[in-house]
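Taking it in order: structure first as structure tokens, then the write-up.
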Amino acid sequence: MTILDSSKGYQKYFEEITKIPHGSDEEKQISDFLVKVANDNNLKVVQDKVNNVIIYKDASKGYENHEPVALQAHIDMVNEKNSDSNHDFSKDPLDIYIEDGFLKARGTTLGADDGAGVAYILSVLTDSNLKHPPLIGIFTVNEEATMLGAFEIDTELIKAKRLINIDGEEEDSSMTGSAGGMDIFISEPITRDTNKTNGYKLVIRGLQGGHSGAEIHKERGNSNKILARLLHALSKEGTIQLATFNGGLKINAIPREAEATFTYSNVDKCQELVNKITEEIKKELEFTDAGLTITLENIELENTIDSKTSNDIITFLYLVPSGLRHKSDHLQGLTTASENLGIVDLTDTTFEFGLSVRGALDSYVQDLADEIITLGQCFGYKPKTDNWYPAWDYMEHSPMRDTMAKVYKEVHNGKELQLYAVHGGLECGIFKGKCPDLDIVAIGPNIYDVHTPDEKLDLASFDRTYTFLCKYLENL
Ligand SMILES: [Zn+2]
Numbered sequence: 002m003t004i005l006d007s008s009k010g011y012q013k014y015f016e017e018i019t020k021i022p023h024g025s026d027e028e029k030q031i032s033d034f035l036v037k038v039a040n041d042n043n044l045k046v047v048q049d050k051v052n053n054v055i056i057y058k059d060a061s062k063g064y065e066n067h068e069p070v071a072l073q074a075h076i077d078m079v080n081e082k083n084s085d086s087n088h089d090f091s092k093d094p095l096d097i098y099i100e101d102g103f104l105k106a107r108g109t110t111l112g113a114d115d116g117a118g119v120a121y122i123l124s125v126l127t128d129s130n131l132k133h134p135p136l137i138g139i140f141t142v143n144e145e146a147t148m149l150g151a152f153e154i155d156t157e158l159i160k161a162k163r164l165i166n167i168d169g170e171e172e173d174s175s176m177t178g179s180a181g182g183m184d185i186f187i188s189e190p191i192t193r194d195t196n197k198t199n200g201y202k203l204v205i206r207g208l209q210g211g212h213s214g215a216e217i218h219k220e221r222g223n224s225n226k227i228l229a230r231l232l233h234a235l236s237k238e239g240t241i242q243l244a245t246f247n248g249g250l251k252i253n254a255i256p257r258e259a260e261a262t263f264t265y266s267n268v269d270k271c272q273e274l275v276n277k278i279t280e281e282i283k284k285e286l287e288f289t290d291a292g293l294t295i296t297l298e299n300i301e302l303e304n305t306i307d308s309k310t311s312n313d314i315i316t317f318l319y320l321v322p323s324g325l326r327h328k329s330d331h332l333q334g335l336t337t338a339s340e341n342l343g344i345v346d347l348t349d350t351t352f353e354f355g356l357s358v359r360g361a362l363d364s365y366v367q368d369l370a371d372e373i374i375t376l377g378q379c380f381g382y383k384p385k386t387d388n389w390y391p392a393w394d395y396m397e398h399s400p401m402r403d404t405m406a407k408v409y410k411e412v413h414n415g416k417e418l419q420l421y422a423v424h425g426g427l428e429c430g431i432f433k434g435k436c437p438d439l440d441i442v443a444i445g446p447n448i449y450d451v452h453t454p455d456e457k458l459d460l461a462s463f464d465r466t467y468t469f470l471c472k473y474l475e476n477l
């Protein structure tokens with residue numbers, strides 16, 4: 002007994018995939034399964050050293066002279082489960098069921114992100130009744146963690162100038178671009194006095210935070226920047242010696258909390274100055290981050306760092322840009338460049354700093370990163386960069402997009418396909434970085450609540466999007 006309709010190739014493959022564990026970093030089994038499907042269907046297949054799989058299918062009759070088309074999906078899923086679920090992701094099949102037209106998995110993520118894409122591609126590759134150009138199915142590992150698969154793909158194996166990424170989550174819209182990015186780190190040695198003294202603790206709480214790609218345009222408060230601003234205001238009216246400064250947990254999350262302990266020479270004005278700046282910031286964030294609280298208390302502290310080093314750190318953090326930098330005039334609402342001061346930490350021996358930059362163009366990323374690096378160098382720091390990934394730049398002329406919009410309209414009775422770009426990083430950007438001529442589109446059926454145990458796949462949309470994909474291939 003199957004849950005899905007096994008007479009439809011993509012439904013049959015989707016159900017088979019749910020039986021194979023395939024969290025990020027655990028893709029060997031599903032990778033081998035893909036190789037087996039290829040072999041069973043006499044399709045040429047390559048499995049590379051990181052377990053990416055590439056499957057080739059000849060053109061159907063009459064399409065032999067058409068340019069090849071690559072179809073791409075990632076084979077890993079995010080393993081999330083409810084706290085009361087005893088599902089073992091390392092061996093248990095997902096417990097799938099249908100409810101009100103949606104496919105779900107009991108207590109866990111469903112892996113429709115990106116099992117739906119994988120199932121579509123397998124279905125297309127194994128169906129001899131379709132019309133299409135030569136096809137290259139690209140199945141990548143580890144998209145949800147490091148995008149290792151896309152980075153490792155050997156471009157010699159994917160000689161195509163057209164690519165359909167099937168990792169979208171909205172049937173009626175198609176992605177046309179994604180951000181590139183880079184992280185900048187500073188780790189600077191500090192020395193501490195051995196002392197015990199009276200001082201202050203300044204605490205920032207109550208901010209909403211959010212993802213540095215998806216939410217950076219919402220003008221939410223950044224706890225590290227707010228704390229630096231307060232300390233900088235104090236430093237103009239007295240001398241500060243920091244004992245601690247820490248805020249933020251992840252470089253790609255807008256920090257919600259931060260706190261610092263320090264001594265301050267101007268004790269009479271400390272509270273008054275904090276109150277004044279607090280009022281100003283609360284007013285600025287009244288409509289975007291109203292929950293902000295800033296508290297100052299007297300405490301005993303020890304082992305402060307000297308006033309010059311403290312002042313440098315405070316001034317540097319005050320000057321570092323963070324937040325929305327540029328937005329698109331062309332694609333409404335799209336952030337095209339931003340920074341996020343994600344992590345600050347004064348450890349016993351070092352000043353640690355982590356900031357991520359994103360940009361819709363690689364040049365934005367480079368320029369923003371250069372700004373931070375140059376600023377850091379002015380203070381004698383030695384900033385380092387890491388985790389670079391390229392942008393998928395919006396293409397003014399994209400025959401792939403034009404054909405897709407035309408076919409979408411035909412299949413959906415005149416309805417227009419929506420186009421959008423995201424300020425997050427995608428595998429498409431990595432492919433674009435490797436093959437600058439690649440014309441890319443991204444599609445997918447309606448999937449909701451991805452990366453959570455409530456993830457659900459709209460089955461009617463799953464059918465319609467497959468019909469659309471086949472029609473699209475016929476027109477390429
Ligand atoms: Zn995905």
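Numbering (my numbering), first residue to last: 2 to 477.
Glycine included, every Cβ here is placed at the ideal spot set by N, Cα and C.
Query: Neighbourhood of Tyr121 by C-beta, 7 Å cutoff - its chain only, sequence neighbours within 5 removed; Result: Tyr11, Ile167, Tyr467 and Leu470
Query: Pocket of ligand 2 (residues with CB nearer than 5 Å to any heavy atom), chain order; Result: Absent from the structure shown: ligand 2. Ligands present: ligand 1.
Query: Boundaries of the beta strand (DSSP E) in which Gly1 is found, first to last residue; Result: Coverage of the chain is limited to positions 2 through 477, which leaves residue 1 absent and any answer about it impossible.
Query: Outcome for Asn53 when other beta-carbon atoms lying within 10 angstroms are tallied against a minimum of 16; Result: buried
Query: Run of the beta strand (DSSP E) containing Phe186, from where it starts to where it stops; Result: Gly181 to Pro190
Query: Coarse secondary structure for Gly426, derived from DSSP in three states; Result: coil
Query: Where Glu100 sits in the DSSP three-state scheme; Result: strand
Query: C-alpha gap between Ala106 and Ile55, whole angstroms; Result: 28 Å
Query: Whole alpha helix (DSSP H) elements within the segment 130–175, 4-residue minimum; Result: 149–153
Query: Among Ser124, Ala74 and Asp59, nearest to Glu170 - alpha-carbon criterion; Result: Ala74
Query: The beta strand (DSSP E) enclosing Gln48, as first and last residue numbers; Result: Lys45 to Gln48
Query: Backbone CA spacing between Ala146 and Gly181 [nearest angstrom]; Result: 16 Å
Query: Beta-carbon separation (whole angstroms), Tyr428 vs Glu172, contact threshold 8 Å; Result: Here the sequence assigns Glu to residue 428, which means Tyr is not the residue at that position. Incorrect: roughly 20 Å between the Cβ atoms, too far for contact.
Query: Three-pair Cβ contact test at 8 Å for the segment 452–462 versus the segment 98–117; Result: yes
Query: Segment limits, beta strand (DSSP E) that includes Ile21; Result: No beta strand (DSSP E) contains Ile21, which DSSP labels as neither H nor E.
Query: Chain-order list of residues whose beta-carbon lies under 7 Å from that of Leu235 (same chain, five-residue window excluded); Result: Ile241, Tyr265, Cys271 and Leu274
Query: CA-to-CA distance, Ile137 to Ile165, given in whole angstroms; Result: 10 Å
Query: Within 8 Å, strictly: CB atoms of Tyr319 and Thr262; Result: no
Query: Proximity below 8 Å, CB of Arg257 to CB of Gln209; Result: yes
Query: Straight-line Cα distance separating Gly377 from Phe317; Result: 7 Å
Query: Ile314 - DSSP class collapsed to helix/strand/coil; Result: helix
Query: Spatial distance of Lys132 from Glu157 (CA atoms); Result: 25 Å
Query: Cα-Cα separation between Ser399 and Asn87, rounded to whole angstroms; Result: 47 Å
Query: Whole-angstrom distance between Asp77 and Thr141, CA atom to CA atom; Result: 8 Å
Query: Inter-residue CB distance, Asp115 and Asn247 (contact presumed, cutoff 8 Å); Result: Contact doesn't hold; Cβ gap of about 36 Å is too wide.
Query: From Gly434, Val423, Lys435 and Gly445, residue whose alpha carbon lies closest to that of Ser213; Result: Val423
Query: Segment contact flag, the segment 181–192 with the segment 366–380, C-beta cutoff 8 Å, min 3 pairs; Result: yes
Query: Outcome for Met148 when other beta-carbon atoms lying within 10 angstroms are tallied against a minimum of 16; Result: buried
Query: Unbroken stretches of the beta strand (DSSP E), 3 residues or longer, contained in the segment 321–346; Result: 324–328
Query: Cα-Cα separation between Ala71 and Ile159, rounded to whole angstroms; Result: 7 Å
Query: Same chain, Cβ closer than 8 Å to Met405, neighbours up to 5 away in sequence not counted; Result: Ser175, Leu418, Val442, Ile444 and Tyr473
Query: Ile255 vs Gly211 beta-carbon contact at 8 Å; Result: yes
Query: Buried versus exposed, by CB contacts within 10 Å (16 or more), Lys58; Result: buried
Query: Identity of the residue in Glu301, Asp269 and Glu189 nearest Lys197 by Cα; Result: Glu301
Query: Sheet register partners of Lys457 (DSSP bridge); Result: Tyr449
Query: Under the three-state DSSP convention, the category Gly118 falls into; Result: helix
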